[in-house]
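Engineer: This structure is in structure tokens; I'll ask about it shortly.
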Amino acid sequence: MSERPLILITNDDSYQAKGLAELVKMARRLGDVVVVAPAEGQSGKSHSVSLGSFVRLKTITEEPGYSVYAVTGTPVDCVKMAMSHILQRKPDLLISGINHGSNASVNAFYSGTMGAAKEGAFNNIPAVGLSLCNYDANADFSIVIKYSEPLIKKVLAQNKNPQLCLNINYPVVDESDFKGLKICRQAHGIWKEAFVENTNPYGDKIYWLTGSFVNFEPDATDTDEWALRNNYATVVPMNLDSTDFEDLQNIDYLL
């Protein structure tokens, strides 16, 4: 009898987040599930790891085919902990999420959700990052679950790329207006940011980062930002090699 697929789940919103709980329910229909997730929220941690400080590992749940562990570190720490200390075999799939908030466009670079997904792909574990463009802790993830499950089944059954890394974002929309999944590219945009100055109760100056997203190509119809605005869920394959191959042929003049 063949083993059930082994699915590793993590996120950056903590092991107690609703998005993760909803993802676990779906993933348990598809295979055995091991959750290794941050003990507390780790949004914006990107691919950071805990160098120079120790982390703690706590067992939350252990039962046949399902276990949950909390790590006092980053999402990437969680993947490394799973691979080096918890799992007895390499997972067939890593799923990171479901994130509370968008990871479209440049957000993917800051995202702890996608940092964990990329760490899986670096280790030849096909990875899917799932996000809903809703920051509410009690958001409704039903569309994400309904439309992601068939895709994840296909990844488990048909994927031939061990470094597959998909960044999937869902709009906040009534299902009657939802247009389905769309494969597209990442939009070119940045966050225009500023630190707002204030004082703490002791009179010390403190600074709070604020900002707004600026899409440099709002009219391009092949990007994730356009698709989300038009009620599609976006599927963006991410490349793990950051080499600029065009410049690779054009920078000889520097040497």
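Read in order, the letters of the sequence shown correspond to residues 152 to 406 in my numbering.
Glycine residues also receive a C-beta, built at the ideal position from the N, C-alpha and C atoms.
Using 10 angstroms around the beta-carbon of Y321, count the other beta-carbons present and answer buried if the total reaches 16, otherwise exposed.
Structural biologist: buried
Engineer: Return the CA-CA distance between L307 and K343, expressed in angstroms with no decimal places.
Structural biologist: It is roughly 39 Å from the alpha-carbon of L307 to the alpha-carbon of K343.
Engineer: State the Cα-Cα distance for the pair D370 and A259, rounded to the nearest angstrom.
Structural biologist: 20 Å
Engineer: What is the residue span of the beta strand (DSSP E) that K297 lies within?
Structural biologist: Where K297 is concerned, there is no enclosing beta strand (DSSP E), although the alpha helix (DSSP H) it sits in stretches over 293-309.
Engineer: Across which residues does DSSP place H251 in a beta bridge pair?
Structural biologist: L283
Engineer: Give a yes or no on whether the C-beta atoms belonging to A178 and I246 are separated by under 8 Å.
Structural biologist: yes
Engineer: Helix, strand or coil: which one does DSSP assign to I246?
Structural biologist: strand
Engineer: With a Cβ-Cβ cutoff of 8 Å, do V222 and L208 count as a contact?
Structural biologist: yes
Engineer: Answer with buried or exposed for L159, where buried requires no fewer than 16 other C-beta atoms within 10 angstroms of its C-beta.
Structural biologist: Counting the other Cβ atoms within 10 Å of the Cβ of L159 gives 16 or more, which makes it buried.
Engineer: Where does the unbroken beta strand (DSSP E) through N258 begin, and where does it stop?
Structural biologist: Taken as a continuous stretch (DSSP letters only), N258 belongs to no beta strand (DSSP E), being part of the alpha helix (DSSP H) at 258-261.
Engineer: Does T210 come out as helix, strand or coil in the three-state DSSP assignment?
Structural biologist: strand
Engineer: Just mark Y404 as buried or exposed, buried being the case when its beta carbon has 16 or more other beta carbons within 10 Å.
Structural biologist: exposed
Engineer: Here's the rule I'm using: 16 or more other beta-carbon atoms within 10 Å means buried, otherwise exposed. How should Y353 be labelled?
Structural biologist: exposed
Engineer: Is the beta carbon of T361 less than 8 Å from the beta carbon of R336?
Structural biologist: no
Engineer: Less than 8 Å separating the beta-carbons of L226 and N162?
Structural biologist: Note on identity: in this sequence residue 226 is Pro, with Leu being the wrong assignment. Taking 8 Å as the cut-off, the beta carbon of P226 is found closer than this to the beta carbon of N162.
Engineer: Kindly indicate which three-state DSSP category S363 falls into: helix, strand or coil?
Structural biologist: strand
Engineer: Quick one: Cα of M265 to Cα of V365, how far?
Structural biologist: The C-alpha of V365 is placed about 20 Å away from the C-alpha of M265.
Engineer: Look at the alpha carbon of A290 and the alpha carbon of A188, and state the distance between them as a whole number of angstroms.
Structural biologist: 19 Å
Engineer: Quick one: grab the DSSP three-state call for I334.
Structural biologist: DSSP, reduced to helix, strand and coil, places I334 within a strand of the structure shown.
Engineer: Spatial neighbours of N401 within its chain, please: CB distance less than 8 Å, with the 5 preceding and 5 following residues excluded, ordered by chain position.
Structural biologist: none
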